[in-house]
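Taking it in order: structure first as structure tokens, then the write-up.
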Amino acid sequence: MSSAAIAGLGITELGKVYGRSSSSLAAEAVRLAAADAGIPLSAVDGLLISSGQKQDVGITLANALSTGPLGLCMTMNSFGATAGIMVATAAKAIAEGTATTVACVFADTPLKPKQSTGAAWGSPRASTREIAGLGGWSLAGGAINPNILYAMCARRHMERYGTTSEQLGQIAVAQRAWAQHNPLAAMREPMTLEDHQNSRWIADPLHLLDCCLVSNGAVAVIVTAADRAKDLAKPPVHVWGWGQAHEVRRMHRGSDWGLVTPAARSGAAAMRMAGIGVDDVDVAELYDCYTYTVLVTLEDYGFCEKGEGGAFVSDGRLAPGGKLAVNTGGGQLSGYYMWGMTPLSEAIIQARGEGGARQAPRNDVVLVSGNGGILEHHSTLVLSPHARKLPAEVTA
Amino acid sequence: MSTPEVSELPPPFPAVQRDRATEAFFDAASRGELLVQQCAGCDTVLPPEAKTCFSCGSDNLGPTVVSGRGRLITWVVVTHAPVPVLAGAVPYVSAVVELDEGPWLMVRLVDADPTALAAGDAVQVDFVRSGAGENTGEMLPVFRPVGSEENATEEKA
Chain A
40 MSSAAIAGLG
50 ITELGKVYGR
60 SSSSLAAEAV
70 RLAAADAGIP
80 LSAVDGLLIS
90 SGQKQDVGIT
100 LANALSTGPL
110 GLCMTMNSFG
120 ATAGIMVATA
130 AKAIAEGTAT
140 TVACVFADTP
150 LKPKQSTGAA
160 WGSPRASTRE
170 IAGLGGWSLA
180 GGAINPNILY
190 AMCARRHMER
200 YGTTSEQLGQ
210 IAVAQRAWAQ
220 HNPLAAMREP
230 MTLEDHQNSR
240 WIADPLHLLD
250 CCLVSNGAVA
260 VIVTAADRAK
270 DLAKPPVHVW
280 GWGQAHEVRR
290 MHRGSDWGLV
300 TPAARSGAAA
310 MRMAGIGVDD
320 VDVAELYDCY
330 TYTVLVTLED
340 YGFCEKGEGG
350 AFVSDGRLAP
360 GGKLAVNTGG
370 GQLSGYYMWG
380 MTPLSEAIIQ
390 ARGEGGARQA
400 PRNDVVLVSG
410 NGGILEHHST
420 LVLSPHARKL
430 PAEVTA
Chain B
51 MSTPEVSELP
61 PPFPAVQRDR
71 ATEAFFDAAS
81 RGELLVQQCA
91 GCDTVLPPEA
101 KTCFSCGSDN
111 LGPTVVSGRG
121 RLITWVVVTH
131 APVPVLAGAV
141 PYVSAVVELD
151 EGPWLMVRLV
161 DADPTALAAG
171 DAVQVDFVRS
181 GAGENTGEML
191 PVFRPVGSEE
201 NATEEKA
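Keeping their order, the protein sequence lines are chains A and B. According to our numbering, the residues represented by the first sequence are 40 to 435, in order. According to our numbering, the residues represented by the second sequence are 51 to 207, in order.
Have a look at this one:
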């Protein structure tokens with residue numbers, strides 16, 4: 040049983056932020072999160088660090104922060120699943136007494152001035168004219184970046200279940216509608232399904248508007264014991280449950296790669312721990328490196344049957360005013376790209392009721408997902424503004 | 051902005067060079083044979099890059115020649131080169147194919163009409179010279195829809 044809560048949230052400037060190191064942004068995010076919680080940095084005795092594309096923030100961040108003596112300090116990396124795993128790790132450390140107040144921070148600066156967004160994902164093999172061995176064969180095959188590999192997964196779903204590009208587009212359109220009310224979102228111009236369909240191919244079947252942004256910046260959260268969190272500056276966001284699951288890419292007959300993801304096991308574990316089912320979820324903040332990631336996560340979490348994700352996301356269900364509030368800040372497609380900190384930060388804002396014009400009508404149960412690799416790593420959190428009733432209290 | 055001459059573009063298949071670990075693979079390719087791996091313990095056939103057996107976990111793997119026949123699992127039409135050495139290749143089709151023997155390969159699909167493809171389509175290995183037109187590279191396994199292969203055979207007959 041978790042009795043941890045998120046007490047602070049710190050978000051630096053995001054997007055085309057140039058001339059600052061990832062470490063500098065990480066330190067600022069931690070300071071902002073501590074200030075948000077109303078605690079001095081000296082009260083922080085745990086530090087979990089995640090960096091993204093550049094992997095350039097280390098545990099020396101502790102020196103830059105002048106925290107108190109630390110009981111927990113490490114870098115972590117499960118790609119986009121890391122943020123959820125950091126919060127779970129912090130909650131476990133608090134439960135066992137390793138630390139009392141843990142800062143979890145993500146920072147990355149992949150964007151460079153005068154370079155395309157795609158260049159942030161450039162391969163070091165790009166300039167090599169002669170390529171050796173099986174790696175060269177693979178390069179010549181041309182399936183060498185996440186856009187292409189996720190497109191393969193989306194195509195597989197389309198072939199198996201009849202999912203369409205327009206259905207994926209419904210996800211992008213819904214998230215843009217939410218983003219219009221998020222001051223932090225990079226993309227706030229109205230978007231129609233026609234805009235999605237007319238946007239250029241990135242890797243058919245994925246259009247440009249199926250793909251996430253790339254951002255520089257940092258986000259941090261402060262996790263502490265729920266009892267302590269209730270006396271701090273902001274309303275606590277209680278951590279009801281967590282889960283993580285990882286699948287290797289088993290390229291062999293019988294593989295369900297791209298069709299079923301570790302979201303299935305991760306989501307089931309988190310909801311079991313929290314004592315909820317998908318029908319209890321008011322807000323879902325789902326990792327959206329691509330529109331397809333949202334669709335397959337909805338299926339794997341059990342919001343609909345496998346293969347019915349396309350129909351499920353249609354008819355504005357995920358948009359403002361729809362039946363299920365999903366990615367209420369615009370997500371990584373329209374908001375900002377901070378790996379798993381994008382859905383987590385928006386979940387905290389929604390759980391606190393700080394969403395302003397985009398606040399979901401109900402926020403008692405907020406589900407957060409993280410996804411990394413090519414649908415290979417997954418984390419899930421169940422958050423709530425309410426302290427969870429223990430089973431004994433429920434039955435009493 | 052001028053359109054580059056075709057000769058200014060890299061070839062559709064960058065010049066791939068063998069290394070010590072892939073001498074047998076590329077020798078087989080030059081003979082028109084697709085060399086993959088097979089588990090010595092349980093006979094499971096594995097992709098060339100496998101390090102351990104998917105079935106039993108053994109790392110005792112050895113080379114084996116496969117039929118080169120398979121079926122299409124999924125594919126992508128790539129219109130924007132992900133790296134400069136593929137600039138001469140776009141638009142191209144990357145695909146996952148399942149060999150009849152079981153393993154999946156991520157490969158280039160050639161001579162394919164992307165609008166006519168469907169999961170489960172029969173495909174067959176073929177071999178192309180990498181780096182054609184400049185410094186010559188190794189022969190590379192690629193796949194083509196069997197329909198076009200059959201047509202080619204009929205034309206020869």
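All C-beta atoms, glycine included, are put in the ideal place defined by N, C-alpha and C. These numbers come from a predicted model, not from an experiment.
Identification of residues in the stretch 134-146 of chain B having a C-beta nearer than 7 angstroms to some C-beta of chain A yields P134, V135, L136, A139, Y142, S144 and V146, given in sequence order. For A:A303, the closest alpha carbon among the candidates A:L64, A:V141 and A:N410 is that of A:N410. The C-beta of B:F177 comes no closer than 7 angstroms to any C-beta of chain A. Look at the beta carbons and you see the stretch 343-358 of chain A not touching the stretch 105-119 of chain A: under three pairs across the two are nearer than 8 angstroms. The way I'd put it, the stretch 68-84 of chain B doesn't touch the stretch 249-262 of chain A; fewer than three beta-carbon pairs between them come closer than 8 angstroms.
Below 8 angstroms, too few C-beta pairs join the stretch 179-194 of chain A and the stretch 111-122 of chain B to call them touching: fewer than three. For A:G316, same chain residues with a beta-carbon under 7 angstroms away, outside a window of 5 residues either side, are M310 in chain order.
The shortest C-alpha to C-alpha distance from B:M156 to any of B:V140, B:V146 and B:T165 is the one to B:V146. A direct Cα-Cα distance of roughly 52 angstroms separates A:G395 from B:P153.
In chain order, L188 place their CB closer than 6 angstroms to the CB of A:I413, counting only its own chain and leaving out the 5 sequence neighbours on each side. Excluding five sequence positions before and after B:C92, the CB atoms of its chain that fall closer than 8 angstroms to its own CB belong to C103, S105, C106 and S108, given in chain order. Exclusion of the five residues before and after A:W279 leaves A313, V421, S423 and R427 as the residues of its chain whose Cβ lies within less than 6 angstroms of its Cβ.
Assignment of beta-bridge partners to A:N255 by DSSP yields A:G54. Listed along the chain, the chain B residues whose CB falls inside 7 angstroms of the CB of A:D270 amount to none; the nearest CB is some 52 angstroms away.
Against chain B, the CB of A:I413 has no partner CB under 7 angstroms away; the residue lies outside that interface.
DSSP, read as helix, strand or coil, puts A:E347 in coil. A:D321 sits away from A:N366, with the two beta carbons spaced by 7 angstroms or more. Against B:Q67, the close residues of chain A are E169, I170, A171, G172 and G175, in the order they occur along the chain (beta-carbon pairs closer than 9 angstroms). When rounded, the separation of the alpha-carbon atoms in A:G282 and B:G197 is 47 angstroms. Interface flag for A:D249 against chain B is unset, since no Cβ pair is found closer than 7 angstroms. With respect to chain B, the C-beta atom of A:H246 has no partner C-beta closer than 7 angstroms. Nearest in C-alpha terms to A:E198, of all of B:Q88, B:A182, B:V95 and B:L167, is B:L167. Counting the other Cβ atoms within 10 Å of the Cβ of A:N237 gives fewer than 16, which makes it exposed. CA-to-CA, the gap between A:A268 and A:P382 works out to about 21 angstroms. With a beta-carbon spacing of about 53 angstroms, B:D69 and A:A44 fall beyond the 8 angstroms limit used to define contacts.
Assignment of B:C92 by DSSP, reduced to helix, strand and coil, places it in the coil class. Nearest Cα to A:G360 within the set A:R397, A:L80 and A:D403: A:R397. By the Cβ criterion, the stretch 157-165 of chain B is in contact with the stretch 136-144 of chain B, since at least three pairs of Cβ atoms, one from each stretch, lie closer than 8 angstroms. In the assembly as shown, B:P60 is a buried residue. Its beta-carbon has 16 or more other beta-carbons within 10 Å. Under the DSSP definition of a beta bridge, B:T114 partners with B:V86. Counting along the chain, the unbroken alpha helix (DSSP H) around A:V333 starts and ends at T330 to Y340. For the pair A:H246 and A:L337, the Cα-to-Cα distance works out to about 21 angstroms. Rounded to the nearest whole angstrom, the CA to CA distance from A:S60 to A:P185 is 25 angstroms.
A:V96 and A:S90 have their C-alpha atoms roughly 6 angstroms apart. Comparing C-alpha distances from A:R227 to each of A:A211, A:R215 and A:G136 shows the shortest one belongs to A:R215.
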